[in-house]
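Let me begin by presenting the structure, written as structure tokens, before commenting on it.
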Amino acid sequence: MQQNMIDEILNRPLGQELLARDLARLAYTALDGTPRSIPIGIHWNGKEIVMCTSTNAPKLPSLRRNPAVALTIDTESHPPKILLLRGTVELDYVDGIPDEYLQWNGTYEMTPEQRVEWEEGVRSLYDGMVRIVLTPTWVKLIDFETALPSAVEELIRRKSA
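Start counting at 1 in the sequence shown, then tack on 4, and there's your number in my numbering.
Encoded structure:
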């Protein structure tokens, strides 16, 4: 998929709305060859989606071996709004807590006192973390009004032909 098409889709209002969410599902291939899909916090920096994890997370050896991933960001409402992304990830070890981790967690409702306590707890737990950085190479936005899953679009094309 061409970068200009990726940028156009991600910059649509619905794309931006979904990229502003805190949680997505990351799909990858585990070391045993079986698929995994896990919830993970995300932060969109305008170019990449950054996810953070502990340095001992079981997903890291799998992502080092095969960095190809898929990410789904969606809503719980009906009809759902869905942003599908694919690409390869880069893993960056960070001393301390990555800014992105503090930013995505900062959108939950906390009093200032709770926020201070939460940050102290995080900083005391982690000496370092790993940033999982996804630069999208393929995207699809589905809103069930202007865009449908590709299989449904194909059925409509066949019926109208």
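All C-beta atoms, glycine included, are put in the ideal place defined by N, C-alpha and C. All values derive from a computational prediction rather than experimental measurement.
Please tell me whether residue i and residue j are closer than 7 angstroms, where the distance is taken between their beta carbons.
| i | j | result |
| --- | --- | --- |
| Ala28 | Ile10 | no |
| Thr33 | Val134 | no |
| Glu80 | Thr139 | no |
| Leu30 | Ile42 | yes |
| Glu94 | Val137 | yes |
Count the other CB atoms within 10 Å of the CB of residue i; is the residue buried (16 or more) or exposed (fewer)?
| i | result |
| --- | --- |
| Met5 | exposed |
| Lys163 | exposed |
| Leu23 | buried |
| Ile44 | buried |
| Glu104 | buried |
Residue ranges of each beta strand (DSSP E) within the segment 83-156, 3 or longer
Qualifying beta strand (DSSP E) stretches, in chain order: 86-99 and 132-146.
Using 8 angstroms as the Cβ pair cut-off and three pairs as the minimum, do the segment 140-150 and the segment 90-104 touch?
The count of Cβ pairs closer than 8 angstroms, one atom from the segment 140-150 and one from the segment 90-104, reaches three, so the stretches are in contact.
Could you give the uninterrupted runs of the beta strand (DSSP E) lying entirely in the segment 24-57, keeping only those of 3 residues or more?
Counting only runs of at least 3 residues, the segment 24-57 fully encloses the following beta strand (DSSP E) elements, listed from N- to C-terminal order: 27-33 and 39-45.
Could you say if the segment 59-68 and the segment 109-128 meet the contact criterion of at least three C-beta pairs nearer than 8 angstroms?
Taking a cut-off of 8 angstroms on C-beta distances, the segment 59-68 does not touch the segment 109-128, as fewer than three cross pairs fall below it.
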